[in-house]
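In what follows, a single structure is set out as structure tokens and then discussed.
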Ligand code: GRG
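Residue numbers (this note's numbering): 11 to 295.
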């Protein structure tokens with residue numbers, strides 16, 4: 011399949027949908043709306059919302075019907091990036107080739123923009139359940155989103171990451187941090203649409219195995235990309251420092267194989283998910 015063409019088309023749909031669901035910059039509070047739009051609409055890969063739409067393809071539903079959930083996941087992802095970059099966290103200056111949100115605006119605006127994006131994400135997922143005529147699925151979908159964010163998810167991952175900054179983390183601990191800081195949002199991207207589309211338990215289980223493997227492969231690939239710039243994270247424990255660069259590449263390859271096998275139960279319809287798993291392994295940014 012032509013994955014590049016597919017990714018390009020889906021990215022355009024998602025970016026239009028994101029813009030439509032963000033408050034207008036001309037409406038008060040203007041600085042917060044500008045900060046939200048700046049953070050979300052800067053140039054991301056949109057991988058997580060692309061996964062959401064892929065689940066619609068898999069189930070035979072029109073992907074446009076899942077755009078609310080796709081945008082919700084990207085809002086959460088963006089909120090996590092804004093918070094991660096703050097001086098009290100990673101103290102970063104630039105993100106996606108632009109100044110970080112707190113640098114372009116100020117810390118208070120960045121924090122408030124992140125809070126607003128998170129709140130909007132819950133509204134979008136609940137709204138998507140209603141639009142699909144599956145109101146009874148709203149509470150489960152919202153719980154899955156909450157699990158991905160709160161102290162079972164991103165917040166826990168970040169707390170662990172901060173606690174182990176400058177310390178030697180074991181491979182098991184690194185695995186947990188990667189799962190909590192990144193894997194949980196891949197899980198939400200595949201499980202929330204599956205729940206909203208009433209897919210079978212077997213299908214949800216297959217997507218869960220796929221998401222866990224792809225999420226970890228994505229994060230180890232991030233380590234490998236960072237390993238090419240040792241000056242940025244000198245001394246940090248990563249899969250590459252534990253297993254060596256070749257060992258980390260092998261781990262990614264075996265996770266990609268596991269992900270591909272997990273969705274083989276969908277037959278021909280799994281071809282996009284399988285191509286996306288290869289993309290995660292071969293990505294250069
Ligand atoms: C309450 C939402 C919330 C978070 C609080 C700050 C925090 C806890 C978590 C930070 C989690 C974090 C930023 C993890 C890094 C994940 C990661 C690999 C980001 C990069 O993803 P890409 O490459 O980025 O998909 P683009 O820019 O393409 O979207």
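Glycine is no exception: its CB is placed at the ideal position from the N, C-alpha and C atoms.
Given residue 282 as reference, the closest of 264, 161 and 69 once Cα atoms are compared:
For the purposes of this step, residue 282 is taken as residue 272 along the chain shown, with counting starting at 1. Considering only 264, 161 and 69, the residue with the shortest C-alpha distance to residue 282 is 69.
Going along the chain, which residues of its own chain have a beta-carbon closer than 7 Å to the beta-carbon of residue 136, five neighbours each way excluded?
Within the chain shown, numbered from 1, the residue matching residue 136 stands at position 126. The answer, listed in chain order, is 148 and 152.
If we ignore side chains and look at the alpha-carbon of each, how far apart do residue 199 and residue 38 end up?
Along the chain shown, read from residue 1 onward, the residue named residue 199 stands at position 189. Along the chain shown, read from residue 1 onward, the residue named residue 38 stands at position 28. When rounded, the distance between both Cα atoms is 31 Å.
Is the beta carbon of residue 48 less than 8 Å from the beta carbon of residue 114?
For the purposes of this step, residue 48 is taken as residue 38 along the chain shown, with counting starting at 1. For the purposes of this step, residue 114 is taken as residue 104 along the chain shown, with counting starting at 1. Yes, Cβ-Cβ distance for residue 48 and residue 114 is below 8 Å.
Runs of alpha helix (DSSP H) lying entirely within the segment 18-67, each at least 4 residues, in chain order
Note on the segment 18-67: whole alpha helix (DSSP H) runs with a minimum of 4 residues are 40-51, in chain order.
Using 8 Å for Cβ pairs, my map puts residue 141 next to residue 75. What's the rounded Cβ distance?
Here residue 141 refers to the residue found at position 131 when the chain shown is read from its first residue. Here residue 75 refers to the residue found at position 65 when the chain shown is read from its first residue. With 8 Å as the limit, residue 141 and residue 75 qualify as a contact, their Cβ atoms being about 7 Å apart.
Taking 8 Å as the cut-off, does the segment 179-186 touch the segment 29-44 (at least 3 CB pairs, one atom from each stretch)?
Contact between the segment 29-44 and the segment 179-186 is absent, because fewer than three Cβ pairs lie under 8 Å.
Using DSSP's beta-bridge definition, name the partner residues of residue 294.
The residue labelled residue 294 in the question sits at position 284 within the chain shown. Looking at the DSSP output, residue 294 sits in no beta bridge, so it has no partner there.
Give the straight-line distance between the Cα atoms of residue 234 and residue 255, rounded to the nearest whole angstrom.
Working through the chain shown from its first residue, we reach residue 234 at position 224. Working through the chain shown from its first residue, we reach residue 255 at position 245. One Cα belongs to residue 234, the other to residue 255, and the distance between them is close to 7 Å.
In the DSSP assignment, find the unbroken alpha helix (DSSP H) run with residue 125 in it and report its ends.
Start at 1 with the first residue of the chain shown, and residue 125 comes out as number 115. Counting along the chain, the alpha helix (DSSP H) containing residue 125 begins and ends at 117-141.
Proximity of residue 105 and residue 96 at Cβ, strictly below 8 Å
Taking the first residue of the chain shown as 1, we reach residue 105 at position 95. Taking the first residue of the chain shown as 1, we reach residue 96 at position 86. Going by C-beta atoms, residue 105 is not nearer than 8 Å to residue 96.
Please classify residue 78 as buried or exposed, where buried requires at least 16 other C-beta atoms within 10 Å of its C-beta.
As a first step, residue 78 is located in the chain shown; it is residue number 68 there, counting from the start. With 16 or more other Cβ atoms within 10 Å, it is buried.
Check whether the Cβ of residue 262 lies closer than 7 Å to any heavy atom of the ligand NAP, and answer yes or no.
Ligands present in the displayed structure are limited to the ligand GRG, and the ligand NAP is not among them.
Using a Cβ-Cβ cutoff of less than 6 Å, which residues in the same chain neighbour residue 207 once the five nearest sequence positions on both sides are dropped?
As a working note, residue 207 is residue 197 in the chain shown. Contacts found: 69 and 71.
Buried or exposed: where does residue 284 fall if 16 or more other Cβ atoms within 10 Å of its Cβ makes it buried?
Residue mapping note: residue 284 aligns to position 274 of the chain shown, counting from 1. Per the 10 Å Cβ criterion, buried.
Please classify residue 260 as buried or exposed, where buried requires at least 16 neighbouring CB atoms within 10 angstroms.
Numbered from 1 along the chain shown, position 250 holds the residue referred to as residue 260. If you draw a 10 Å sphere on the C-beta of residue 260, you find fewer than 16 other C-beta atoms in it, and that means exposed.
Using the Cα positions of residue 177 and residue 121, report the straight-line distance between them to the nearest angstrom.
Position 167 of the chain shown, counted from the first residue, corresponds to residue 177. Position 111 of the chain shown, counted from the first residue, corresponds to residue 121. Using only the alpha carbons, I get a separation of about 28 Å.
Tell me the start and end of each unbroken alpha helix (DSSP H) in the segment 169-229 that is at least 4 residues and wholly inside, in chain order.
If only complete runs of 4 or more residues are kept, the segment 169-229 shows the alpha helix (DSSP H) at 181-188 and 194-206, in order along the chain.
Please report the straight-line C-alpha distance between residue 129 and residue 194, rounded to a whole angstrom.
Your numbering for residue 129 matches position 119 in the chain shown. Your numbering for residue 194 matches position 184 in the chain shown. Residue 129 and residue 194: Cα-Cα distance of roughly 18 Å.
Between the C-alpha atoms of residue 278 and residue 270, what's the straight-line distance to the nearest angstrom?
Working through the chain shown from its first residue, we reach residue 278 at position 268. Working through the chain shown from its first residue, we reach residue 270 at position 260. Going from the Cα of residue 278 to the Cα of residue 270 covers about 12 Å.
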